[in-house]
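Enquirer: Chains as they are written, first to last, in my numbering: chain A, -12 to 618; chain B, 265 to 459. If you scroll down you'll find the structure; I have some questions about it.
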Amino acid sequence: MVAGRSRQRWQWLRALSLVAATVCAARTAAADDSEVVVVGQRRATGQGFAAEEVREIPGALSDPLRAIEPLPGVTPALSGVPYFFVRGAPPSNVGYYFDGMRLPALFHALGGPSVVHPGLVESVELFAGPYPIEYGRQAGGIVVARSTEPASQARGEISLRATDSSALIDAPLSEATTVTLSGRYSYANPILQLFAPEMSVEYQDYQARVTQRISRQTRVSVLAFGAHDSLTRRDDDGKERTTYGIDFHRVVLRLEQVSGRSSWRVQALGGWDHSLARDGSVSVEDTLTETRADWQYVATRELTLRSGASFGADRYGLGLSAVDDPNAARDYAERFPARTETSIGAYLACDVRLGGVTFTPGVRSDIYASRGEHALGVDPRLSAEYRLNRHVSVRSAIGVAHQPPSSSIPSPGLNPTLAGGLQRAVQHSYAVRMRLPAQVSLDVGVFQSALFNLTDSIGETRARENDPSITETTRSLGWSRGLELLLKRSLTRDLGGFLSYTLSQSKRAVGRLEQPSAYDRRHVLSAALGYHWGAGISSGVRGSFYTGIPADVAYAEAARNPPRTTPYFRLDFRTEKRWEWGERYHLSVVFEVVNTTLNREVLRKSCDAYDCREQRIGPITIPNLGIEAAF
Amino acid sequence: MSDARFVKSCVLGLLLLALVACDPGYTLAPTPCDDYCHGTQRGGCKDDDPAECVRDCESQGNAPRDACVARRSALDDCWLRLDPTVFACVDNHTRLPDDQCLDERRALDECLEPGSGPCFDECLRQVKACGAILSDCESACQHQDPTCARIDFAYQACLQDFPVECRTWGEPETRKPEDIPCYDLALQVLACAGL
């Protein structure tokens, strides 16, 4: 027993010394023996849910990308609004990727579904930071959605809902060729106009993929996808104004090969982004191209090398003909001028297994050029994972990430110039992952990050109110730290669920002002429970709770530690009846409600020494009755 | 470290972190502008905004000089003594009642702007006879230039000897000079304003 205890102590010591020695760890980390490897590419592990689990999460509306909301480290700006702060990084510093390509928008208007059909998404993972070296240009976290592999036998899905319908077909045309087509079409106006007669919404998206296997090791594919959104309102003067209007299209040609110990992938991408801003009077667009290559070589069982490079160009256009305010026109022309920008980047990383520890050192570098200005970002990252035993592993990571300046709310084509230089994040995390009995897993971790030269006009809102010299373009210093916990049992089991908790603190310093980020929430808790009753009936409930954001106060001294808005709580409910015919065919009727308790959320709170006033919004409640059929 | 100790340490750590995360409430002592806003934003109107009110108060110099603190307090106390129902909401903001705390209001105006009493009195006449809004009229009694202030207050004092006139800003003057009350002073007021 003494020997056992001694060994246990030695293991803890070794784990701790690992942190001291490497000052690192790993959301990015090390390949797990049991991991599924995407063709030719090593797969890092973040936190997330598999597609079949997402279907069971109440409030996620069967949408894999919505399932990131309850993950630890994610702080919602507002319930139902698809803009998230991740470990203190603002929404525009969180990148969303689909099959390695950056998504310029994630969700449709009015908290609608994601812009990619759920049936095309195999899994979604959140890398809250530091994130894998293959990805870059985000001084925050990233969300990675991976597409399903082409089907070996025909499959299809159709979903009919009160506000929109979607369909997917994935069919092999021959042994070597597979075609996947999917899309969504909205008709939400009759329902929307019951609540807001002056509003009008339309959204659509499409995805098309053709995969051709050239040999056992080589395949070529073409993927095209895009989306359109328009949310307008008719004002009292009878004029129609665009509250949210975006379009984007992507087409990518990709060649992949796996041969022996090496694998590589080359892709060429073209795209077009378009957004309307300022009630529709400002139009921005971005015509973009990118060429990218990634390579991996498994040298030995202990050493794997990875590298890649990319070159991209963006040609931005700006339309101001409908702007009636010359000051606003000048501001847009200054921040989002018509221009051409180029960027070139490369990365190199390796996975080295030494004893029981897997180290992943890596570095990437990106050079940006715009209107005669240049910026260089060098991002070193180091992570390590140590398995204490079959059930417990310790991971830690440290890394630097750079990002060009960003606009307050991410919108296709609405990207500011390089003026003022790159944003920079230094991130560090340390986590323990445990496999507990009864297929329960527990992840506990701590993190801290510092954000330099930050363009976060949302997080700086309170500072701007207290100091008129602070504008939307003023840079700030941010830092955050916290503790995260995720206890999970797969929701696909008869009884499954999760408990996700984040305790964090996120601050901003602008000039002489130092105060919490405008959307700093100390406690964020989400818990879900699902049960399969038998006879194809399943039900689930999910509760979400978070504490308030900082109130607006007039004095800088009070703003350092201001009062908070009232905490928010919501309960989501989902139930499904499923009929199955054989192994391939099924039909489901799903009833789901987001915010069943009709709770209203505090949008803003304003305080003086005596009194506080809160402005509330909502209730934002989304009922959904859908029919889903698949084969 | 034993397992039990480790677990206890973790629980203690979590409790400490949770304590750190408690809502601190408002952390500063009330300032004169806090008192002012507490007294004046009592209508419970939708767009009343305490922080914005304090910010405006500070930026517009409504925070009283030392000599006027007592009179400011007297006015704030008077507002607080009133029943909230006497405060109306106009455009979703609290409007101060035009018939309450008049002595305290005049006393504070006199302290902030010595000699402004007749201006306040003329405002009261305008309120009663013409339906003017006292706070709007009152703010017109504030002057940057002491010379202009002296001339304006003399003009307002002179007007008290004549029947009140209800005229709108920019209304063309059709009367003969001799029919205009306090004509010479009126000309000086206009000249001082650069008109």
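The beta-carbon is built from N, C-alpha and C at its ideal position, and this holds for glycine as well.
Quickly, what does DSSP pair N611 of chain A with across the bridge? List them, please.
Expert: What you label residue 611 of chain A is simply residue 624 of the first sequence in a count that begins at 1. Note: N611 of chain A sits in a beta bridge opposite A:E579.
Enquirer: Closer than 8 Å is the cut-off here; do at least three beta carbon pairs connect the segment 394 to 407 of chain A with the segment 269 to 280 of chain A?
Expert: Yes, the segment 394 to 407 of chain A is in contact with the segment 269 to 280 of chain A.
Enquirer: Curious, which full-length beta strand (DSSP E) runs of at least 3 residues does the segment 99 to 145 of chain A contain?
Expert: Counting whole runs of 3 or more residues, the segment 99 to 145 of chain A contains the beta strand (DSSP E) stretches 108 to 114, 129 to 134.
Enquirer: Count the other CB atoms, across all protein chains shown, that sit within 10 Å of the CB of L263 of chain A; report buried if there are 16 or more and exposed otherwise.
Expert: Counted from its first residue, the first sequence places residue 263 of chain A at position 276. Counting Cβ neighbours within 10 Å, L263 of chain A comes out buried, since at least 16 surround it.
Enquirer: Looking at chain B, is there any beta carbon in it that lies within less than 8 Å of the beta carbon of E189 of chain A?
Expert: Here residue 189 of chain A corresponds to residue number 202 of the first sequence, with the count starting at 1. Output row for E189 of chain A: interface = no.
Enquirer: What whole-angstrom Cβ distance do G257 of chain A and R279 of chain A have, given they're in contact under 8 Å?
Expert: Your numbering for residue 257 of chain A matches position 270 in the first sequence. Your numbering for residue 279 of chain A matches position 292 in the first sequence. That pair is no contact at about 12 Å.
Enquirer: Would you list, in chain order, the members of the segment 380 to 392 of chain B that have their beta-carbon closer than 9 Å to a beta-carbon of chain A?
Expert: Listed by position, the residues of the segment 380 to 392 of chain B near chain A (Cβ gap below 9 Å) amount to none.
Enquirer: Cα-Cα, which of A:V68, A:V131, A:S187 is closest to M88 of chain A?
Expert: To locate residue 88 of chain A, count along the first sequence from 1; it is residue 101. Among A:V68, A:V131, A:S187, the Cα nearest to that of M88 of chain A is on A:V131.
Enquirer: Report the residue ranges of all alpha helix (DSSP H) runs contained in full by the segment 402 to 451 of chain B; include only those spanning at least 4 residues, in chain order.
Expert: Runs of the alpha helix (DSSP H) inside the segment 402 to 451 of chain B: 410 to 423.
Enquirer: Along chain A, which residues have their Cβ under 7 Å away from the Cβ of H302 of chain B?
Expert: Locating residue 302 of chain B in the second sequence gives position 38, where the first residue counts as 1. By Cβ distance, chain A contributes D595, Y597, D598.
Enquirer: Name the chain A residues whose beta carbon is nearer than 7 Å to that of C318 of chain B?
Expert: What you label residue 318 of chain B is simply residue 54 of the second sequence in a count that begins at 1. Strictly speaking, residue 318 of chain B in this sequence is Val, with Cys absent from that position. Those are A541, D595, listed as they occur along chain A.
Enquirer: Whose C-alpha, out of B:C297, B:L344, B:G303, is nearest the C-alpha of S323 of chain B?
Expert: Here the question's residue 323 of chain B lines up with position 59 in the second sequence. With distances taken between Cα atoms, S323 of chain B lies closest to B:C297.
Enquirer: Check the Cβ-Cβ distances between C11 of chain A and every residue of chain B, and say whether any is below 8 Å.
Expert: As a position in the first sequence, residue 11 of chain A is number 24, starting the count at 1. Below a pLDDT of 50, predicted positions are generally treated as unreliable, and C11 of chain A, at 32, falls in that range; no measurement from the model is reported.
Enquirer: Buried or exposed: which applies to H361 of chain A, given that a residue is buried once 16 or more other Cβ atoms fall within 10 Å of its Cβ?
Expert: Here residue 361 of chain A is taken as the residue at index 374 of the first sequence, counted from 1. Exposed, since its Cβ has fewer than 16 Cβ neighbours within 10 Å.
Enquirer: If we cut at 8 Å on Cβ distances, does N548 of chain A have a partner in chain B?
Expert: One-based indexing of the first sequence puts residue 548 of chain A at position 561. So, interface residue.
Enquirer: Does any residue of chain B have a CB that is nearer than 8 Å to the CB of E501 of chain A?
Expert: Here residue 501 of chain A refers to the residue found at position 514 when the first sequence is read from its first residue. Output row for E501 of chain A: interface = no.
Enquirer: Take V310 of chain A and list the residues in its own chain whose beta-carbon comes closer than 8 Å to its own, dropping the five residues that flank it on each side.
Expert: Position 323 of the first sequence, counted from the start, is the residue given in the question as residue 310 of chain A. The answer, listed in chain order, is R265, S268, V269, A316, Y319.
Enquirer: Could you list which residues in chain A have their beta carbon closer than 9 Å to that of A352 of chain B, in chain order?
Expert: For the purposes of this step, residue 352 of chain B is taken as the residue at position 88 of the second sequence. Those within 9 Å of A352 of chain B in chain A number zero; the least Cβ separation is about 17 Å.
Enquirer: Residues of the segment 151 to 171 of chain A with a CB closer than 8 Å to any CB of chain B: list them in chain order, please.
Expert: Cβ contacts with chain B: none found.
Enquirer: Only counting the same chain, and skipping five residues up and downstream in sequence, which positions put a Cβ closer than 7 Å to that of A393 of chain B?
Expert: The residue you call residue 393 of chain B lines up with position 129 of the second sequence. V428, C430, listed in sequence order.
Enquirer: Nearest to V433 of chain A by CA position, among A:A384, A:P455, A:G408, A:I396, is which residue?
Expert: As a position in the first sequence, residue 433 of chain A is number 446, starting the count at 1. Closest option to V433 of chain A, Cα to Cα, is A:A384.
Enquirer: Could you name the residues of the same chain whose beta carbon sits closer than 6 Å to that of R351 of chain A, not counting the 5 residues immediately before and after it, in chain order?
Expert: Position 364 of the first sequence, counted from the first residue, corresponds to residue 351 of chain A. Counting only Cβ-Cβ distances below 6 Å, and skipping sequence neighbours, we find I120, G123, Y334, D366.
Enquirer: For Y597 of chain A, does the three-state DSSP call read helix, strand or coil?
Expert: The residue given as residue 597 of chain A occupies position 610 in the first sequence. Of the three classes helix, strand and coil, the one that applies to Y597 of chain A here is coil, per DSSP.
Enquirer: By a C-beta neighbour count over all protein chains shown, 10 Å radius and 16 as the cutoff for buried, is A54 of chain A buried or exposed?
Expert: Position 67 of the first sequence, counted from the first residue, corresponds to residue 54 of chain A. So A54 of chain A ends up on the buried side.
Enquirer: List, in order along the chain, the chain A residues whose C-beta lies closer than 8 Å to that of G289 of chain B?
Expert: Locating residue 289 of chain B in the second sequence gives position 25, counting from the first residue. What G289 of chain B touches in chain A: P550.
Enquirer: Looking at the structure shown, is N649 of chain A part of a helix, part of a strand, or coil, going by DSSP?
Expert: What the structure shows of chain A is the stretch from -12 to 618, and residue 649 of chain A is not part of that stretch, so it cannot be assessed.
Enquirer: Which runs of the beta strand (DSSP E), 3 residues or longer, sit entirely within the segment 249 to 312 of chain A?
Expert: Entirely contained in the segment 249 to 312 of chain A, the beta strand (DSSP E) runs reaching 3 residues are, in chain order, 249 to 264, 269 to 287, 290 to 306.
Enquirer: Does the segment 369 to 389 of chain B come close enough to the segment 419 to 428 of chain B to have 3 or more Cβ pairs within less than 8 Å?
Expert: A contact exists between the segment 369 to 389 of chain B and the segment 419 to 428 of chain B.
Enquirer: Quick check: A141 of chain A and A154 of chain A, are their CB atoms within less than 8 Å of each other?
Expert: Translated into positions along the first sequence, residue 141 of chain A becomes position 154. Translated into positions along the first sequence, residue 154 of chain A becomes position 167. No, the pair does not count as a contact, with Cβ atoms beyond the cut-off.
Enquirer: If I measure Cβ to Cβ from P45 of chain A and keep anything under 7 Å in the same chain, skipping five residues before and after, which residues do I get?
Expert: Locating residue 45 of chain A in the first sequence gives position 58, where the first residue counts as 1. Once the five neighbours on either side are set aside, the close Cβ partners of P45 of chain A are A515, G527, V528, R529, D559, F560, R561, E579.
Enquirer: With distances taken Cα to Cα, identify the nearest neighbour of Q410 of chain A among A:S330, A:R420, A:A538, A:S393.
Expert: Position 423 of the first sequence, counted from the start, is the residue given in the question as residue 410 of chain A. Ranking the options by Cα distance to Q410 of chain A, first place goes to A:S393.
Enquirer: What are the uninterrupted segments assigned as beta strand (DSSP E) that are 3 or more residues long and contained completely in the segment 283 to 315 of chain B, given in chain order?
Expert: Correct list: empty.
Enquirer: Smallest Cα separation from H302 of chain B: which of B:I415, B:H357, B:C317, B:A352?
Expert: Start at 1 with the first residue of the second sequence, and residue 302 of chain B comes out as number 38. When only C-alpha atoms are compared, the closest one is B:C317.
Enquirer: Mapping the DSSP letters down to three states, classify V96 of chain A as helix, strand or coil.
Expert: What you label residue 96 of chain A is simply residue 109 of the first sequence in a count that begins at 1. Contrary to the premise, residue 96 of chain A reads as Ala rather than Val in this sequence. Three-state DSSP puts A96 of chain A in coil, outside helix and strand.
Enquirer: What does V354 of chain B pair with, by DSSP beta-bridge criteria?
Expert: The residue you call residue 354 of chain B lines up with position 90 of the second sequence. Answer is B:H357.
Enquirer: When you compare the CB positions of P59 of chain A and L473 of chain A, do they come within less than 8 Å of one another, or not?
Expert: Taking the first residue of the first sequence as position 1, residue 59 of chain A is located at position 72. Taking the first residue of the first sequence as position 1, residue 473 of chain A is located at position 486. Contact: yes.
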